[in-house]
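Trainee: This is the structure, below, for whatever I ask next.
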Amino acid sequence: MPQSPASRRESSEAFEVNEAEGPAGTPADKAPARLSLSQYLTALASYGDGSVSAGVALDLVLNDIVKRACLATNASAGAIAIAENEEMVCRATTGENAPDLGTRLDTNHGLSGACVRTKVWQRCNDTENDSRVNAALCRQLGVRSILVAPVLNGDKLVGIIEIFSVRPDAFGDRETEALRASSQ
Numbered sequence: 003m004p005q006s007p008a009s010r011r012e013s014s015e016a017f018e019v020n021e022a023e024g025p026a027g028t029p030a031d032k033a034p035a036r037l038s039l040s041q042y043l044t045a046l047a048s049y050g051d052g053s054v055s056a057g058v059a060l061d062l063v064l065n066d067i068v069k070r071a072c073l074a075t076n077a078s079a080g081a082i083a084i085a086e087n088e089e090m091v092c093r094a095t096t097g098e099n100a101p102d103l104g105t106r107l108d109t110n111h112g113l114s115g116a117c118v119r120t121k122v123w124q125r126c127n128d129t130e131n132d133s134r135v136n137a138a139l140c141r142q143l144g145v146r147s148i149l150v151a152p153v154l155n156g157d158k159l160v161g162i163i164e165i166f167s168v169r170p171d172a173f174g175d176r177e178t179e180a181l182r183a184s185s186q
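Residues 3 to 186 in our numbering are what the sequence shown spells out, letter by letter.
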């Protein structure tokens, strides 16, 4: 969860990147490479000197991913936070009860923090009965269930993806697998 209140398929979903193109955009001899989400995020985040175009491309991709994750899991909201200078910053959100863009996540507390520190999935079935979350903040946001997944590039944490629901017990095995596919 964010520090302050906010207002508002596996390989089949990997991103296709042409390694080379022939004249006038025609494919070259090489087949397109397949990148996982974590590889794509790492590549975009380290592009050049962090130029604006790479940042915009990254944000567009992240917004698409978080929207798809919410659709696949019937979540009411979602967010993706990316590691930036020893912090986790929300770079994509969807839904009214998601953290605001630019929100810096508290990596010392809560489910998000536990996921960042341990690189292990975190699930809260009911925010009213889970001491790991700020129940008052969750009530204000209308959040009752949370699922948080690490986005890893090898052993390195490059971000987290979170989904939220207005219903308790909203995320079971099916939703976990759907989010796992989105976070690969």
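Yeah, the Cβ is synthetic: ideal placement off N, Cα and C, and Gly gets one too. Note that the structure is predicted; figures quoted are calculated from it, not measured.
1. Cutting at 7 Å between CB atoms, please list the residues of its own chain near Asp61, excluding the five before and the five after it.
2. Check each candidate in Val153, Lys158, Arg134 and Thr129 and name the one with the smallest Cα separation from Val145.
3. Expressed to the nearest angstrom, what Euclidean distance is found between the alpha-carbon atoms of Thr109 and Pro101?
4. Using the Cβ count rule (16 or more neighbours within 10 Å means buried), how would you classify Asn99?
5. Kindly indicate the opening and closing residues of the alpha helix (DSSP H) around Ala100.
6. Out of Ala183, Ala138, Leu181 and Asn131, which has the shortest C-alpha to C-alpha gap to Asp171?
7. In whole angstroms, give me the CA-to-CA distance for Glu88 and Ile82.
Mentor: So, from the listed chains and residues:
1. Within its own chain, the residues whose Cβ lies closer than 7 Å to the Cβ of Asp61, once the five positions on either side in sequence are excluded, are Arg93 and Ala94, listed in chain order.
2. Closest option to Val145, Cα to Cα, is Thr129.
3. Near 15 Å, if we compare the C-alpha coordinates of Pro101 and Thr109.
4. By the 10 Å Cβ count, Asn99 comes out buried.
5. Segment: none, Ala100 is in no alpha helix (DSSP H) and carries neither H nor E.
6. Distance from the Cα of Asp171 is smallest, within the candidate group Ala183, Ala138, Leu181 and Asn131, for Asn131.
7. Note on geometry: alpha-carbon atoms of Glu88 and Ile82 lie some 16 Å from one another.
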